[in-house]
Amino acid sequence: MLEKSVRPWLQDNYINLLSKKLIGIGIKQPNLVTLASCFVGVLFSPLILLDLNGLAIFCLLLSGLLDILDGTIARQVGESSKIGTVYDIISDRVVEFSVILGLFLIDPQGRALGAMFMLGSVLLCVTSFLVVGIVSEQESNKSFDYSPGLMERAEAFIFFIVMILLPAFFNNLALLFTVLVIYTMINRLVECRAHFRNI
Numbered sequence: 000m001l002e003k004s005v006r007p008w009l010q011d012n013y014i015n016l017l018s019k020k021l022i023g024i025g026i027k028q029p030n031l032v033t034l035a036s037c038f039v040g041v042l043f044s045p046l047i048l049l050d051l052n053g054l055a056i057f058c059l060l061l062s063g064l065l066d067i068l069d070g071t072i073a074r075q076v077g078e079s080s081k082i083g084t085v086y087d088i089i090s091d092r093v094v095e096f097s098v099i100l101g102l103f104l105i106d107p108q109g110r111a112l113g114a115m116f117m118l119g120s121v122l123l124c125v126t127s128f129l130v131v132g133i134v135s136e137q138e139s140n141k142s143f144d145y146s147p148g149l150m151e152r153a154e155a156f157i158f159f160i161v162m163i164l165l166p167a168f169f170n171n172l173a174l175l176f177t178v179l180v181i182y183t184m185i186n187r188l189v190e191c192r193a194h195f196r197n198i
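All residue numbers for the sequence shown refer to numbering that gives the first Met the number 0, where the first residue is 0 and numbers rise by one.
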């Protein structure tokens, strides 16, 4: 949702400029930026367990920024590649797992069910996304573009931050997170079905 409404404005006013500045100082390898995004994001888990909440939130936001910058740098230097997309998708999942793991480990007994639901919903949503992409590519030369979902990565990060700031509501937020992710998955499967009917 925010991907459609806020991302273009951020991209035009800040991300493109920041990317050019990074390229200007020699940071022009998008895969290294992806690796940095993954590393910084993974720091969330130990930081949250050390009760360094502010630093954990900073690392999460920095990881998200780097995740945007890697693709922008790749396009600006002409190094967009399929393997870069693979690295980016894997990096995103590693960071999300680290975040949910850290939130779970704060109170394993009290948060087990909520964390399990969150991981399960992410697994189902990503699996549906990838499988539909594979089948679409095999069955037709006509591309299939998803419309922006209700729960994208930006919304997930907002949930993670609120879970840090309001720890007493973790399980409630985890349930809402799960419902919204599953809704996004179902909505995209409906779009997919309509797409295949028209080809």
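C-beta atoms are modelled at their ideal positions from N, C-alpha and C, and glycine is treated no differently.
The structure presented is a predicted model; accordingly, all values stated were derived computationally and were not measured.
Asked: S97 beta carbon less than 8 Å from that of F156; Found: no
Asked: Rounded C-alpha distance that separates F176 from S79; Found: 32 Å
Asked: Assigned exposure category for F168 - 16 Cβ within 10 Å defines buried; Found: exposed
Asked: Residues near K19 in its chain [Cβ-Cβ closer than 8 Å; skip 5 each side]; Found: Q75
Asked: Length of the line joining the Cα atoms of Y182 and R192; Found: 15 Å
Asked: Alpha carbon of I185 to alpha carbon of I26, nearest angstrom; Found: 39 Å
Asked: CB of I67 within 8 Å of CB of I14, strictly; Found: yes
Asked: Beta-carbon proximity of L46 to E151, cut-off 8 Å; Found: no
Asked: Alpha carbon of R92 to alpha carbon of F103, nearest angstrom; Found: 16 Å
Asked: Buried versus exposed, by CB contacts within 10 Å (16 or more), G113; Found: buried
Asked: Proximity of S127 and V180 at Cβ, strictly below 8 Å; Found: no
Asked: Spatial distance of L16 from P7 (CA atoms); Found: 13 Å
Asked: Cβ-Cβ distance between F158 and L172 below 8 Å; Found: yes
Asked: Proximal residues to G53 (C-beta, below 8 Å), its chain only, five neighbours per side dropped; Found: none
Asked: Beta-carbon contacts of L48 that lie in its chain and below 8 Å, excluding the five residues immediately before and after; Found: G101, L104, I105
Asked: Length of the line joining the Cα atoms of V178 and R187; Found: 14 Å
Asked: Counted within 10 angstroms of its Cβ, other Cβ atoms place A73 as buried (16 or more) or exposed; Found: buried
Asked: Local conformation of L42 per DSSP, three classes; Found: coil
Asked: Close-in-space but distant-in-sequence residues of the same chain around M162 (CB under 6 Å, 5 per side omitted); Found: L102, F169, L172
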